[in-house]
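Chains as they are written, first to last, in my numbering: chain A, 1 to 211; chain B, 1001 to 1250.
Below is one structure; the comments refer to it alone.
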Amino acid sequence: MAVTGAVLVLFLIAHMIGNLKIFLGEGDFDHYAHWLRTIGEPALPHRVLLTIVEIVLTVSVVLHIWSAVSLGKRAAHARPVKYQSKKKSHAQGYATHTMRYGGIIVALFIIWHLLDLTFFAVNPLGSDATPYDRVIADFDGSRWYITIWYVLAVLLVGLHLNHGIWSAFQTLGLRSPRSNGALRALAGGVAGVVTLGFIAVPISVTFGWVS
Amino acid sequence: MKLTLRVWRQSGPQDKGKMVEYRLDDISPDASFLEMLDVLNEKLIADGGEPVAFDHDCREGICGMCSLVINGTPHGPEERTTTCQLHMRKFKDGEVIDVEPWRAKAFPVVKDLVVDRSAFDRIIQAGGYITAPTGTAPEAHSTPVPKPDADRAFEAAECIGCGACVAACPNGSASLFLGAKVTHLGLMPQGQPERWDRVVSMLDTHDDEGFGGCTNTGECTVACPKGIPLDVIGSLNRDYLKATAGGKKR
């Protein structure tokens, strides 16, 4: 969970920074999208680095889900008879309780997101348009429900990171009695920045701040 | 105080078991939770019934024998308090109180509220301590222990092995117990030669006993009557990774 999660968090940060280029204008955004496919040329052939990243991400997502499923199975196995009275939770608050169902919703969102802006199957413009135009058309004010879907999914990602980043440090044995406050702050900070960074784009397009 | 108890009754390991309701009319608010159960049992015996079996020993909050999930919370509503040190004044007059045993595959129910916690003993055995017999106890000051290590080891050593962490964990994991023991033993200079083998062997036993995996929910440390900190699981993971991935295990 921790290692694959770390890979995905690093990707999310890079992805978010890339997205924000939309605020620099159409030229910058499309140039960035093109550059992703040409990194390392001519030493590396066209799209090689991007393909490697895609493979690493796919493997990470699969292993992350596999770990979650095995932990869930172990949990069910470890308590075959449930409590009769409602088991009260006393720890840590909301984010921890969203990990399992939130993770499933985020996985469904990723499938939608890939169909939308990677394979263009559910994008209103499709493969003939530029990346910038596809994003603008996607979050058009008339498609407010798509914006809401994206914002909700990103909020769940934020909650997932808030528990997940801190939890990864604990799993990897990097949490000491002294570092706990700093790790909580790091997890909350990264989760907050990533959430706001991702939400900024669809919201800005929907309200016409970027067009 | 008037109380309605809903108590888990199970005649033996094979019985399916069910919640049974009892009414008590005259309970002193100064009675402990176990004394309240004693009153119930005296009433049951007087009526010719079978008393409710529950674990207890010192009734001073230090032996780790008492258990009970009270209204969905191990050791009841008071923080850092064992069931034996919980008093009825913490409940409302007329309250309905659910009383259940610890629920875990590794803690099978023996009878009613009594569970078999010998899985913890086997984890401790897997840890051993030192491999060489060294005679009688040496003079305490002959092996100096740095004060921060001594303090942290002592904090972890406060674990009384009651199993509330397992009862509270949504995954049925005993990682807090395991972390407390590994942290405690791993910090003492006398146990250093076996440190890396110990953590691997204790963790393997933990998994073999059928406890679940840790997802760092933190429920354990809140339920712990001794307030064992959650970071002992961080120490456990660090020692385990050093022993396995770091190649320190022999």
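A virtual CB, placed ideally from N, CA and C, is assigned to each residue, including glycine.
Within the stretch 67-117 of chain A, ranges of the alpha helix (DSSP H) (whole runs, at least 4 residues):
94-97 and 99-117
Any C-beta of chain B within less than 8 Å: which residues of the stretch 75-92 of chain A qualify?
Ala75, His77, Ala78, Arg79, Pro80, Val81, Lys82, Tyr83, Gln84, Ser85, Lys86, Lys87, Lys88, Ser89, His90, Ala91 and Gln92
Helix, strand or coil for B:Trp1008 per DSSP?
strand
Given that B:Lys1105 touches chain A, what residues does it touch there, using C-beta distances under 7 Å?
His77, Ala78, Arg79 and Pro80
Determine the extent of the alpha helix (DSSP H) in which A:Ile165 is found, giving its start and end residues.
Trp144 to Thr171
Quick check on the DSSP output: the alpha helix (DSSP H) that includes A:Val3 runs from which residue to which?
Ala2 to Asn19
Please report the Cβ distance between A:Ser232 and B:Asp1231, rounded to the nearest whole angstrom; I am assuming they are in contact, meaning their Cβ atoms lie under 8 Å.
Lying outside 1 to 211, the shown extent of chain A, residue 232 of chain A is not represented and no answer is given.
Between the Cα of A:Gly208 and the Cα atoms of A:Phe23, A:Leu12, A:Ala6 and A:Pro80, which residue gives the shortest distance?
A:Phe23
Tell me which residue opens and which closes the beta strand (DSSP E) that B:Asp1239 is part of.
That residue, B:Asp1239, is in no beta strand (DSSP E); its alpha helix (DSSP H) goes Asp1231 to Thr1244.
Looking at the strands, I want to know which residues DSSP matches up with B:His1087.
B:Ser1032
Taking all protein chains shown into account, decide if B:Pro1170 is buried (16 or more other Cβ within 10 angstroms of its Cβ) or exposed.
buried
Should B:Val963 and B:Leu1024 be called a contact, given that it needs their Cβ atoms to be closer than 9 Å?
A query on residue 963 of chain B cannot be resolved here, the shown segment of chain B reaching from 1001 to 1250 and no further.
Is the beta carbon of B:Ala1174 sitting closer than 9 Å to the one on B:Ala1126?
no
With 9 Å set as the bound, which would you pick, yes or no: does the beta-carbon of B:Asp1098 sit closer than that to a beta-carbon of chain E?
Structure shown: chain E not included; protein chains present are A and B.
Let me know the secondary structure DSSP gives B:Leu1178 once reduced to three states.
helix
Please report the Cβ distance between B:Gly1161 and B:Gly1076, rounded to the nearest whole angstrom; I am assuming they are in contact, meaning their Cβ atoms lie under 8 Å.
With 8 Å as the limit, B:Gly1161 and B:Gly1076 do not qualify as a contact, their Cβ atoms being about 19 Å apart.
Three-pair Cβ contact test at 8 Å for the stretch 1217-1231 of chain B versus the stretch 145-159 of chain A:
no
At 8 Å on the CB atoms, spell out the chain A contacts of B:Ile1233, in chain order.
Gln170
List the residues of chain B that A:Arg175 touches, going by C-beta distances under 7 Å, in chain order.
Asp1231 and Gly1234
Do you know how far the Cα of B:Phe1054 is from the Cα of B:Pro1133?
38 Å
Any C-beta of chain A sitting closer than 9 Å to the C-beta of B:Pro1170?
yes
Relative to the C-alpha of B:His1184, which residue among B:Glu1155, B:Ser1201, B:Asp1121 and B:Asp1207 is closest?
B:Glu1155
Would you please verify whether the beta carbon of B:Leu1003 is less than 9 Å from any beta carbon of chain A?
no
Looking at the unbroken beta strand (DSSP E) that takes in A:Val122, where does it start and where does it end?
Segment: none, A:Val122 is in no beta strand (DSSP E) and carries neither H nor E.
Which complete beta strand (DSSP E) runs does the stretch 22-65 of chain A hold, if anything under 3 residues is left out?
none
Under 9 Å between beta-carbons, which chain A residues line up against B:Arg1238? List them in chain order, please.
Leu172, Gly173, Leu174, Arg175 and Ser176
So for B:Met1019, helix, strand or coil by DSSP?
strand
Of all the CB atoms in chain B, is at least one closer than 9 Å to the CB of A:Asn19?
no
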